[in-house]
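Residue 22 in full-length UniProt numbering sits at position 22 of the sequence shown, and the numbers go up by one each step.
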Amino acid sequence: MSQVCSFFSKSVNPILFRAKLARKIENIQKEFNNVAEEMSKLNLNRSSVILKQDECGWRETSSSVLQSEIIGREENKSDIVKLLKQTHPNQNVSLIVVVVGMGGLGKTALAQLVYNAAKDQNLFQKYIWVCVSENFEVKTVLKKILESLKKDAGGDSLEALQQKLREALNGQNYMLVLDDVWNEDHLKWSDLRSIISRRCIRDGLR
């Protein structure tokens, strides 16, 4: 639990948050490098120790949560909700909160608590939950966003999906949770961020 909890200070300082996140990612990378060295010594290859998604029983997540079964997340939840409240709905900015850590630490549970708390407090006009999983493609994520908004996700072109998203959001303030994210492809994330940014959504409707 401490690995997740450590990312959120009582003051929720964005600069401190980014610094802690950078250090955490660096430590995780070192751990991966150590594992790779051990694998090399044992003559193991990656495919022999890593299961494919369909072999390890991948489970899709949702925004539903049984709060009585979650312990030790109230302070973390309150810190993130406080951070969300600091972003004015009329600002053309997108606030991104990243929760990282090893599997089983409760990242999804924390996201569920924050998502439902934001909903209860009416912090946004639209709420979207998307379970990304390992197969990250921009068009697939956009289709899942549209499905979460109960909109037609048909169409193959990126431009068509982007236009549908603009129409569905209609310039409204929204909260988007991307859960179970594995892919670290910077270019794909940049493409997705440019499409779902509040400025892009609003400008596309003018």
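Even for Gly, the Cβ is constructed at its ideal location relative to N, Cα and C.
What is the DSSP secondary structure of L176, counted as helix, strand or coil?
Counting from one through the sequence shown, the residue named residue 176 turns up at place 176. Correct three-state label for L176: strand.
Compare the beta carbon distance of L123 and L84 with 8 Å and say whether it is the shorter of the two.
As a working mapping, residue 123 is identified with position 123 in the sequence shown. As a working mapping, residue 84 is identified with position 84 in the sequence shown. Closer than 8 Å, so yes.
Taking the alpha-carbon of Q121 as reference, which of E159, V81, K164 has the nearest alpha-carbon?
Counting from 1 along the sequence shown, the entry for residue 121 is found at position 121. Out of E159, V81, K164, V81 has the C-alpha closest to the C-alpha of Q121.
Alpha-carbon to alpha-carbon, N135 and N34
Along the sequence shown, one-based indexing puts residue 34 at 34. Along the sequence shown, one-based indexing puts residue 135 at 135. C-alpha separation (whole angstroms): 26 Å.
Does the distance from the CB of V114 to the CB of K77 come in under 8 Å?
As a position in the sequence shown, residue 114 is number 114, starting the count at 1. As a position in the sequence shown, residue 77 is number 77, starting the count at 1. Result yes, Cβ atoms of V114 and K77 sit closer than 8 Å.
If you measure between the beta carbons of L165 and K139, is that distance less than 8 Å?
Sequence index remark: in the sequence shown, residue 165 carries index 165 (1-based). Sequence index remark: in the sequence shown, residue 139 carries index 139 (1-based). For L165 and K139, no; Cβs fall outside 8 Å.
One question on the structure: do A111 and V181 come within less than 8 Å of each other, judged by their Cβ atoms?
Taking the sequence shown and counting its residues from 1, the one referred to as residue 111 is at position 111. Taking the sequence shown and counting its residues from 1, the one referred to as residue 181 is at position 181. Against a cut-off of 8 Å, the Cβ pair of V181 and A111 comes out as no contact.
If we count the other Cβ atoms within 10 Å of its Cβ and call it buried at 16 or more, is S148 buried or exposed?
Reading the sequence shown from its first residue, position 148 is the one you call residue 148. Per the 10 Å Cβ criterion, buried.
Could you tell me how far apart the beta carbons of Q172 and K144 are, in whole angstroms, since I believe they sit closer than 8 Å?
Taking the first residue of the sequence shown as 1, we reach residue 172 at position 172. Taking the first residue of the sequence shown as 1, we reach residue 144 at position 144. Not a contact, Cβ separation roughly 18 Å.
For R23 and S190, the rounded distance between their alpha carbons:
Here the question's residue 190 lines up with position 190 in the sequence shown. Here the question's residue 23 lines up with position 23 in the sequence shown. Straight-line Cα distance between these residues: approximately 22 Å.
Tell me the rounded alpha-carbon separation between V141 and M39.
The count along the sequence shown starts at 1 and reaches residue 141 at position 141. The count along the sequence shown starts at 1 and reaches residue 39 at position 39. Their Cα atoms are separated by approximately 34 Å.
Straight-line CA distance for A117 to S64?
Your numbering for residue 117 matches position 117 in the sequence shown. Your numbering for residue 64 matches position 64 in the sequence shown. Between the C-alpha atoms of A117 and S64 there is a straight-line separation of about 12 Å.
Rounding to the nearest angstrom, what Cα-Cα distance links Q53 and K30 in this structure?
Against the sequence shown, residue 53 aligns to sequence position 53. Against the sequence shown, residue 30 aligns to sequence position 30. For Q53, the pLDDT reaches just 43, beneath the cut-off of 50, and the residue's location in the model is therefore unreliable, although a value from the coordinates is still provided. Approximately 24 Å, taken between the alpha carbons.
Terminal residues of the continuous beta strand (DSSP E) containing S190?
As a working note, residue 190 is residue 190 in the sequence shown. Looking at the DSSP string, S190 is not in any beta strand (DSSP E); the run it does join, the alpha helix (DSSP H), is 186-196.
Among G101, D79, K151, nearest to E26 - alpha-carbon criterion:
Taking the first residue of the sequence shown as position 1, residue 26 is located at position 26. Answer by Cα proximity: G101.
Taking just the CA atoms, how far does K107 sit from T61?
Taking the first residue of the sequence shown as position 1, residue 61 is located at position 61. Taking the first residue of the sequence shown as position 1, residue 107 is located at position 107. The alpha-carbon atoms of T61 and K107 are separated by roughly 11 Å.
Excluding five sequence neighbours on each side, which residues of the same chain lie with their C-beta closer than 8 Å to the C-beta of D185?
Position 185 of the sequence shown, counted from the first residue, corresponds to residue 185. These residues qualify, in order along the chain: F136.
Kindly examine the ligand SAH and report whether one of its heavy atoms sits closer than 7 Å to the Cβ of S64.
The ligand SAH is not among the ligands present in this structure, which contains no ligands whatsoever.
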